Each structure stands twice: as structure tokens, then as C-alpha cells.
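For reference, the structure discussed in these notes is given below.
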Amino acid sequence: MSLKAKLKRMEVHMKQETKPVIEQHEANHSTSKSWASLATVAHTFDEHVCYIREVRHSLDTQYGFKTFRTYRDDLMQWDNQSFSHPLSRRSVPINKLIFFDTETTGLSAGAGTQMFLLGFACFEEHEVVVRQYLLPSPDAESALYHFFLKDVGQLEHLVSFNGKAFDWPRLKTRHAYLRETVPQLPQFGHFDLLHSARRLWKNELPSCKLSILEEEKLGIRRDEDTPSHLVPLFYFDFVREQDPALIASVFEHHEQDVLSLIALYAQITETVIKWEERTSLNERLELAKWHQLNGELEMATTMLTSSIHHLQEQGSAKAEAYFYRGYVFKKKKLYKQAIEDFKEALKVDTFRFKSAIELALMYEHYLKDFTKACTYANQALSFATVEKERLQALKRIHRLKRK
């Protein structure tokens, strides 16, 4: 075949091959536009891509019952409080808080579960900024963690929902595998709001899931939101198709998660600080017990006394308030007041066993009246409803008999 014929033949093949190349360029352009419509940009590190989405909300944007400006003002109240509290951000500037959450392919701790979306919200001068970091394929973890850690390095304190047990330990584990190629993991402080929510509302709400708290306490409804259990399925579809439209609802779901952390932290702050005007009696009791555990005995005494005065009937709630105030008085070595409160709590079935045990302890150890101690130990035995309580009372009786 002549050279001219060969060139002619190649020309035919070249013409045939140019069409898909043009189509590929058009597809890439279309995909770029799709990402842009989601406020998302591709960033490359170590030959891998991470998609980063950034959304900004004015402080005057309404979210639930309040605006972000009001939530910020609520959180600023910690600066004026003298008492210590595990949620106090008094030493942390408000713009150094990172409201953090992740999305994963499952809830198990196994090797097959992967974190595919990292994100956070934070306060800037006039806005709340949400940044999300998407893993487009399993082999792009170095890019995901590189950009996330680079951006959070200037922040100081995590605010999460079950992040201490779930999100952050997983992130630390993945970082251990990648630490040679990505930035150092910051040493964050951590406020985990799940434990605080449970402490305040576990006896009031059917569940302390974030979605329940949003509806019952924050005024946030997710009528068209992607259910959490479907999020991994949407992600798997996205990995297979690489179509940005498949991940759009996941971005929105996750964005609401981190924004709700701001609202929830502010709501808990209001409950703790403005307890006299903002709390139910149940919340007041739980707050008092929380302060007692934190060693804030004066705050606990004030709240429990307030609860006792507001409760008219000698029911279970009032007995609980008497019991815990008695416990606080005991801690403060005010033994006479403690005994009086334990005797009040003894009048109601739900606290009879606990109160009798406490009275037996008080008379044995502090007043050295072993006869009365034995009387209350025997009462405790008669009030015992389970084997554990019966054994506890018997142990107390045998101890007193030896004396």
C-alpha cells in the first residue's frame, strides 16, 4: 500500500476517533457546571481529587426558632459566667469553634466502613460558613484528609454529636494510616452534645436522636431531607456514576447536621445559664444533678431548693429533689439538713430504698448512732425490690451487727 493510501486510511480512523474526544470534553464541561451549581470545586493533592463545597449563611438567617446571630449571642453568654461547666466555652473564642460531623458508609467499626464526607460549620465575622470535603473514590483519602486538616488547623475546639465515641476516633484511625502524607492532627478540645442532651431530656423525649431534638427543642423540621439510612446508598451510586446530582441531597443533609449543632449548643447553653426563666421542673432537676456531679454544689442546692418550692404535691419529682438536695448537703457536710431531706424523700415509694440506705450511712458514719443506723438498714431491706438491693441492705445490716 502506498504512503498516500496509508495516510488516507489513518485519516478515516482519526476522524472516527475525534468524535468521542469532543463528547468527552463536553461531558467534562457539563460535569464541571454541575459541581459549580452545588458550590463545589475539585481540588487535587497527590494526584487525587477531593471535592470541597462551601456555603455561607448570613448571621440574620433564620434557622429553627432563632437566627444564627441570636445563637451566637447565646453562646457568648459563657463569657460572663463564674461557675465551671463541661460545656463552657469561656476560654475558647467563638470563631475557634468547629461544629463537626461526618458521613460514613456504615455504623460498624469494621475495615469496610469508610468516612466519605467530612464537614464543619464555624462562625466568621458576619456569616456562618459551612465547608464539606467529599471523597470521590476510596483511593483518594490522602486528598480528603489533606484539605480538611489544612483548613481546620486554625480552629481549636470541636462541637459534635456523639463525635467523641464515633466520628473523631475513626478520623484519628484513618489519620494514623496517612500521617506521612497529610498534615498533623490538631489537638482539639471537644464538646459532645449527645451526652448533654441525654442528661437534660432523656426522661422527657422518646429519643435523643438529633432529628428528635431538632423537632422538639429547636423548631427545625426536615420534611424533604434524605433519611440517614439512605445516605450511604446515595454515595455508592455517586461513586459508581460520578454524577454530582446523586450526591446533592447528601450535601444538604450533612449541612443541616452541622448547622443544627450550632442551634443545639445554643439551646443547651440557654438551658444551663438562664435556668430560672427557661427550664421545666424536669430540666431543673437534671441540671441540678449535673452541677452536683461537676462539684458546683451551691448551684445544685439553689436549683433543687427552687424545684422543691415549685412542686406542690409530695410526688416522685419532689422526692427526687429532696433526695438529691440531701446528697448535696451530705457533700457539704451539712449532716442535719441532709438527714431531714432524706427523711422527706423516704415518704415516697420511688426513693424509699435509696433514702433508707443513705440514712443508715449517715447515722453510722457521721452521727455514730448505730441503733438508728440499723433501723434504717432494716427498712431498706424491707423496701428492696430486686436482688441487688436486698444484698446491699443485708451487707449494711451485717456490718452494723459486727459493730
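Residue numbers for the sequence shown follow full-length UniProt numbering, so the first one is 1 and each next one is one higher. Virtual Cβ for every residue (Gly too), placed ideally from N, Cα, C. All figures in this text were calculated on a predicted structure; none of them were measured in a lab.
#1: Given this structure, state the Cα-to-Cα distance separating residue 378 from residue 320, to the nearest angstrom.
#2: Should the region 225-244 be regarded as contacting the region 295-309, the criterion being three or more beta carbon pairs within less than 8 Å?
#3: Taking residue 119 as part of the beta strand (DSSP E), name the residues at either end of that continuous run.
#4: Is it right to say residue 187 is buried, meaning 16 or more other beta carbons lie within 10 angstroms of its own, or is it exposed?
#5: What distance in whole Å lies between the Cβ atoms of residue 100 and residue 160, which are believed to be in contact at a cut-off of 8 Å?
#6: Since residue 222 contacts residue 211 with CB under 8 Å, what's their CB separation in whole angstroms?
#7: Which residues does DSSP pair with residue 189 in a beta bridge?
#8: Quick one, which of 62, 396, 205 has its alpha-carbon nearest residue 364's?
#9: First and last residue of the alpha helix (DSSP H) that includes residue 265?
#10: Check whether the region 163-173 touches the region 85-97, counting contact only when three or more Cβ pairs, one atom from each stretch, lie closer than 8 Å.
#11: I need the DSSP call for residue 369, collapsed to helix, strand or coil.
#12: Can you give the Cα-Cα distance for residue 287 and residue 113, rounded to whole angstroms?
#13: Please check the pair residue 323 and residue 354, which I expect to be a contact at CB under 8 Å, by giving their CB distance rounded to whole angstroms.
#14: Check whether the region 144-157 touches the region 60-71, counting contact only when three or more Cβ pairs, one atom from each stretch, lie closer than 8 Å.
#15: Alpha carbon to alpha carbon, what distance is there between residue 167 and residue 117?
#16: With DSSP run on the structure shown, which of helix, strand or coil describes residue 221?
#17: Taking the alpha helix (DSSP H) that residue 99 belongs to, which residues open and close that run?
#18: Quick one: what's got a C-beta closer than 6 Å to residue 173's C-beta in the same chain, skipping five residues either side?
#19: Distance, Cα to Cα, residue 252 vs residue 258?
#20: Between residue 248 and residue 238, what straight-line distance do the alpha-carbon atoms span, to the nearest angstrom?
#21: Buried or exposed: residue 176, going by 16 or more other Cβ atoms within 10 Å of its Cβ?
#22: For residue 263, tell me which candidate among 218, 236, 278 has the shortest Cα-Cα distance.
By the coordinates alone:
#1: Within the sequence shown, residue 378 is the residue found at index 378, counting from 1. Within the sequence shown, residue 320 is the residue found at index 320, counting from 1. Cα-Cα distance, rounded: 22 Å.
#2: With fewer than three CB-CB distances shorter than 8 Å, the region 225-244 does not count as touching the region 295-309.
#3: Position 119 of the sequence shown, counting from 1, holds the residue named residue 119. Residue 119: member of the beta strand (DSSP E) spanning 115-123, first to last residue.
#4: Taking the first residue of the sequence shown as position 1, residue 187 is located at position 187. Exposed.
#5: Against the sequence shown, residue 160 aligns to sequence position 160. Against the sequence shown, residue 100 aligns to sequence position 100. Contact flag correct, Cβ pair sits at about 5 Å.
#6: Numbered from 1 along the sequence shown, position 222 holds the residue referred to as residue 222. Numbered from 1 along the sequence shown, position 211 holds the residue referred to as residue 211. Their Cβ separation, rounded to whole angstroms, is 7 Å, which keeps residue 222 and residue 211 in contact under 8 Å.
#7: Residue mapping note: residue 189 aligns to position 189 of the sequence shown, counting from 1. Beta-bridge partners of residue 189 (DSSP): 157.
#8: On the sequence shown, residue 364 is found 364 positions in, with the first residue counted as 1. For residue 364, the closest alpha carbon among the candidates 62, 396, 205 is that of 396.
#9: On the sequence shown, position 265 is the one that residue 265 refers to. Per DSSP, residue 265 belongs to the alpha helix (DSSP H) from 248-273.
#10: The way I'd put it, the region 163-173 doesn't touch the region 85-97; fewer than three beta-carbon pairs between them come closer than 8 Å.
#11: Position 369 of the sequence shown, counting from 1, holds the residue named residue 369. Note: residue 369 maps to coil in three-state DSSP.
#12: Position 287 of the sequence shown, counted from the first residue, corresponds to residue 287. Position 113 of the sequence shown, counted from the first residue, corresponds to residue 113. If you take the alpha carbons of residue 287 and residue 113, they lie about 37 Å apart.
#13: Locating residue 323 in the sequence shown gives position 323, where the first residue counts as 1. Locating residue 354 in the sequence shown gives position 354, where the first residue counts as 1. Correct: roughly 6 Å between the Cβ atoms.
#14: Touching, no, given that fewer than three Cβ pairs across the two stretches are closer than 8 Å.
#15: Reading the sequence shown from its first residue, position 117 is the one you call residue 117. Reading the sequence shown from its first residue, position 167 is the one you call residue 167. Their Cα atoms are separated by approximately 11 Å.
#16: Taking the sequence shown and counting its residues from 1, one reaches residue 221 at position 221. Note: residue 221 maps to coil in three-state DSSP.
#17: The count along the sequence shown starts at 1 and reaches residue 99 at position 99. No alpha helix (DSSP H) holds residue 99; the beta strand (DSSP E) holding it covers 97-104.
#18: Position 173 of the sequence shown, counted from the first residue, corresponds to residue 173. Cβ contact annotation for residue 173 (same chain, cutoff 6 Å, sequence separation greater than five): none.
#19: Numbered from its first residue, the sequence shown carries residue 252 at position 252. Numbered from its first residue, the sequence shown carries residue 258 at position 258. Each residue's CA atom was taken as its position, placing residue 252 and residue 258 some 10 Å apart.
#20: The residue labelled residue 248 in the question sits at position 248 within the sequence shown. The residue labelled residue 238 in the question sits at position 238 within the sequence shown. Roughly 10 Å between the two C-alpha positions.
#21: Mapped onto the sequence shown, residue 176 falls at position 176. With fewer than 16 other Cβ atoms within 10 Å, it is exposed.
#22: Your numbering for residue 263 matches position 263 in the sequence shown. Of the candidates 218, 236, 278, the one whose C-alpha sits nearest the C-alpha of residue 263 is 218.
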